[in-house]
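Input: a single structure, listed below in structure tokens.
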Amino acid sequence: AIISTHCHNDLGLAVANSLAAVEAGARQVECTINGLGERAGNCALEEVVMALKTRADYYGVHT
1 AIISTHCHND LGLAVANSLA AVEAGARQVE CTINGLGERA GNCALEEVVM
51 ALKTRADYYG VHT
């Protein structure tokens with residue numbers, strides 16, 4: 001089974017929580033462009049991409 005994460009940004013922690021999920025083994029992050037979504041929004045795609053790209057050594061993600 002593939003474990004995924006879907007975080008809302010109510011407390012401004014959607015990206016941080018998504019990255020923590022990747023660190024814990026999640027293989028899929030559900031996010032949106034510019035974090036657009038219900039309530040305070042969702043995890044921002046561009047922030048996750050840059051974090052995973054610039055810290056590939058830390059997260060072990062190869063795209």
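Numbering (our numbering), first residue to last: 1 to 63. Virtual Cβ for every residue (Gly too), placed ideally from N, Cα, C.
What's the C-alpha gap between Ala21 and Val48? Taking the first residue of the sequence shown as 1, we reach residue 21 at position 21. Taking the first residue of the sequence shown as 1, we reach residue 48 at position 48. Cα to Cα, Ala21 sits roughly 12 angstroms from Val48.
Just the Cα atoms here: how many angstroms apart are Ala24 and His6? As a working mapping, residue 24 is identified with position 24 in the sequence shown. As a working mapping, residue 6 is identified with position 6 in the sequence shown. Cα to Cα, the separation comes out at about 14 angstroms.
Do you know offhand how far Ile2's Cα is from Val29's? Counted from its first residue, the sequence shown places residue 2 at position 2. Counted from its first residue, the sequence shown places residue 29 at position 29. Their Cα atoms are separated by approximately 11 angstroms.
Only counting runs of 4 or more residues, tell me where the alpha helix (DSSP H) segments fall wholly within the stretch 14-60, in order along the chain. 14-23, 45-54, 56-59
Residue environment, Ser18, which counts as buried when at least 16 other CB atoms sit within 10 Å: As a first step, residue 18 is located in the sequence shown; it is residue number 18 there, counting from the start. Ser18 should be labelled buried.
I'd like the list of long-range same chain contacts for Leu52, defined as Cβ closer than 6 angstroms, with 5 residues on each side in sequence excluded. Taking the first residue of the sequence shown as position 1, residue 52 is located at position 52. Within the same chain, Leu52 has close Cβ partners Tyr59, Val61.
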